[in-house]
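In what follows, a structure is listed as structure tokens, so that the remarks can point back to it.
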Amino acid sequence: MRSIRTRLLAAFLLVALTSAAGLSYYFLTQIEAYGLRRLEERLYSEARMSAALLGTLYQEAGGATGNVKVPTKAISSALADVSVETASRLRVLDAKGVVAAESGGTDSLGSKYAARPEIAKALAGGDGGALGGRVEGDG
Numbered sequence: 029m030r031s032i033r034t035r036l037l038a039a040f041l042l043v044a045l046t047s048a049a050g051l052s053y054y055f056l057t058q059i060e061a062y063g064l065r066r067l068e069e070r071l072y073s074e075a076r077m078s079a080a081l082l083g084t085l086y087q088e089a090g091g092a093t094g095n096v097k098v099p100t101k102a103i104s105s106a107l108a109d110v111s112v113e114t115a116s117r118l119r120v121l122d123a124k125g126v127v128a129a130e131s132g133g134t135d136s137l138g139s140k141y142a143a144r145p146e147i148a149k150a151l152a153g154g155d156g157g158a159l160g161g162r163v164e165g166d167g
């Protein structure tokens, strides 16, 4: 039979390790949630900045008159300049969900994204957004 000291030490270690594991899980999930919130805030502000830039280009292209010829080269160039500052890849989709311009070059111009849930929601007038890793086809 073990002494009372050994049993008390084992019980104390069990309680300490269980508490440490529980607190570690709690704090790690809180840190992850905080990081995701900060990422969403940053991406939202980058999207607003890009929208302001593209709105200016749209107006210069005749957007106010309804006679718009999309300046895809100018938009792609502007997106490339902005993406250097934001460290994000930016795409502009037309009303059908087709890539009209992008910051990463011309490899995905004309690609269709309307089937993606977040794009379909945005095209329907909602707020489309999604977090996740790279998707096949995202060069």
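Numbering (our numbering), first residue to last: 29 to 167.
We treat Cβ as the ideally placed atom computed from N, Cα and C, and that holds for glycine.
#### Entry: Cβ-based neighbour list, residue 71, same chain, cut-off 8 Å, excluding 5 preceding and 5 following
Taken in chain order, the residues that qualify are 116.
### Query
If we count the other Cβ atoms within 10 Å of its Cβ and call it buried at 16 or more, is residue 119 buried or exposed?
Its Cβ being crowded by 16 or more others within 10 Å, residue 119 is buried.
### Query
By Cβ distance, which residues of its chain are closer than 7 Å to residue 23, with the 5 residues on each side in sequence left out?
Because the chain spans 29 through 167 in this model, residue 23 falls outside it and cannot be assessed.
#### Entry: Coil, strand or helix - residue 164 by DSSP
Caution is warranted here: a pLDDT of 45 is assigned to residue 164, below 50, making its placement in the model unreliable, and the coordinate value is therefore given only provisionally. Looking at residue 164 - three-state DSSP - the assignment turns out to be coil, as it is neither helix nor strand.
### Query
From this set, 148, 114, 68, 100, which residue's C-alpha is nearest residue 128's C-alpha?
Across the set 148, 114, 68, 100, the C-alpha of 100 shows the shortest separation from the C-alpha of residue 128.
### Query
CA-CA distance, residue 162 and residue 144?
Any reading at residue 162 is ruled out, since the residue's pLDDT is 49, under 50, leaving its predicted position unreliable.
### Task
Report back the beta-carbon spacing between residue 125 and residue 140 to the nearest angstrom; my notes put them in contact at under 8 Å.
Right, the Cβ-Cβ distance comes to about 6 Å (below 8 Å), so this counts as a contact.
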